[in-house]
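Going by full-length UniProt numbering, 131 is the number at position 131 of the sequence shown; the sequence numbering is gapless. Everything on this sheet refers to the single structure shown next.
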Amino acid sequence: MGETTGYAPPTEPVRVLHEDAQLLVVEKPAGLLSVPGKGAELADCLLSRLEVAFEGTLLVHRLDRDTSGVMVFARTKAAQRHLGLQFERRHTSKRYIARVHGQPASECGRIDLPLIADWPNRPKQMVDFDRGKPAETHWRVLEREPGATRVELLPVTGRSHQLRVHMAAIGHPILGDPLYAEGTAREAARLMLHAERLLLRHPDGGAPMTFTARCPF
1 MGETTGYAPP
11 TEPVRVLHED
21 AQLLVVEKPA
31 GLLSVPGKGA
41 ELADCLLSRL
51 EVAFEGTLLV
61 HRLDRDTSGV
71 MVFARTKAAQ
81 RHLGLQFERR
91 HTSKRYIARV
101 HGQPASECGR
111 IDLPLIADWP
121 NRPKQMVDFD
131 RGKPAETHWR
141 VLEREPGATR
151 VELLPVTGRS
161 HQLRVHMAAI
171 GHPILGDPLY
181 AEGTAREAAR
191 LMLHAERLLL
201 RHPDGGAPMT
211 FTARCPF
């Protein structure tokens with residue numbers, strides 16, 4: 001199943017968290033692509049909407065279509081390079097909230113499983129110890145619920161679908177995940193994954209900045 005099957009993006013206005021001459025920080029709603037997909041029916045995306053409201057908006061990173069939360073965009077080429085290097089060199093810090101299937105046996109843990117594209121089943125990713133790129137995630141239980149657990153996820157690396165594959169790999173897929181959850185775990189109203197907090201340095205002067213978006217589930 002492709003992630004863009006039956007694409008019906010939300011229509012509500014995008015919430016702006018911060019705007020200045022270098023940065024644009026917004027809260028991406030679940031169900032909206034970060035960038036255009038292939039085909040006219042997938043042209044509507046967060047980047048295209050921001051380009052209309054804020055001319056010259058430049059992409060820095062992405063969130064999956066069904067993930068909500070904090071995203072930063074650049075307003076200048078210099079800011080885009082600066083922010084891109086921060087992500088590449090892991091100088092940013094990201095905190096996600098998720099609801100996962102089942103009850104982890106411990107209260108916290110570290111997942112170190114290399115990932116690679118599952119080419120015959122794109123856009124899925126998979127664990128591959130021989131060819132995969134290093135991927136590391138730290139997790140911590142926030143609240144235990146009947147049949148599910150609310151967790152904090154702190155990715156060290158930023159591989160495609162990393163949090164989703166990692167949690168599924170340890171037996172606790174994220175609820176509502178159309179690619180990696182099965183059975184009743186897939187039946188949630190949305191993918192229960194939210195980028196709650198992003199820490200970075202401002203590209204003009206290097207001041208540390210923290211942006212947050214309240215988890216909607």
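Note that beta-carbon positions come from the ideal geometry of N, C-alpha and C, so glycine has one too. All values derive from a computational prediction rather than experimental measurement.
What does the alpha-carbon distance come out to for the pair R164 and D112? If you take the alpha carbons of R164 and D112, they lie about 13 Å apart.
Once DSSP output is grouped into helix, strand and coil, what is the label at V52? V52 falls in the helix class under three-state DSSP.
Spell out the partners DSSP gives G132 in its beta bridges. None, per the DSSP bridge assignment.
Rounded to whole angstroms, what's the CA-CA distance from D66 to G206? Just pull it up for me. Rounded to the nearest angstrom, the two C-alpha atoms are 31 Å apart.
Does any CB atom of chain B fall closer than 8 Å to the CB of K77? Structure shown: chain B not included; a single protein chain is present.
Among A195, I116, H194, E136, the one whose alpha carbon lies nearest that of V127: Considering only alpha carbons, the answer is I116.
Would you list, in sequence order, the uninterrupted alpha helix (DSSP H) runs of no fewer than 4 residues that lie entirely inside the stretch 158 to 199? Counting only runs of 4 or more, we get 162 to 169.
How about L199 and T92: do their beta carbons lie closer than 8 Å? Contact: yes.
T137 to Y180 span [Cα, whole Å]: T137 and Y180: Cα-Cα distance of roughly 17 Å.
Does the ligand GTP have a heavy atom nearer than 7 Å to the CB of H82? Although the ligand GTP was asked about, the structure shown includes no ligands whatsoever.
CA-CA distance, residue 222 and M209? Residue 222 lies beyond the stretch modelled for the chain, which goes from 1 to 217, so this question has no answer here.
Whether Q22 touches D204 by CB criterion (8 Å): Cβ atoms of Q22 and D204: closer than 8 Å.
Does DSSP put R81 in a helix, in a strand, or in coil? Here R81 sits in helix by DSSP.
Name the DSSP beta bridge partners of S68, please? DSSP output for S68 lists H194 as bridge partner(s).
Terminal residues of the beta strand (DSSP E) in which S93 lies: First-last of the beta strand (DSSP E) with S93: 93 to 101.
I170 versus R90 - alpha carbon distance: Taking the straight line joining both Cα atoms gives about 24 Å.
Given R95, which residues of its chain have a CB within under 7 Å of its CB, disregarding the five upstream and five downstream residues? Contacts found: E152, L154, E196, R197.
For T157 and P114, what's the separation of their Cα atoms in angstroms? T157 and P114: Cα-Cα distance of roughly 10 Å.
Chain-order list of residues whose beta-carbon lies under 8 Å from that of H18 (same chain, five-residue window excluded): Here the set comprises L24, V25, M209, F211.
Could you check what DSSP says for E145 in three-state terms: helix, strand or coil? Residue state, collapsed to three classes: strand.
DSSP three-state label for M1, please. Unreliable placement is indicated for M1, whose pLDDT of 41 sits below 50; no coordinate value is reported for it.
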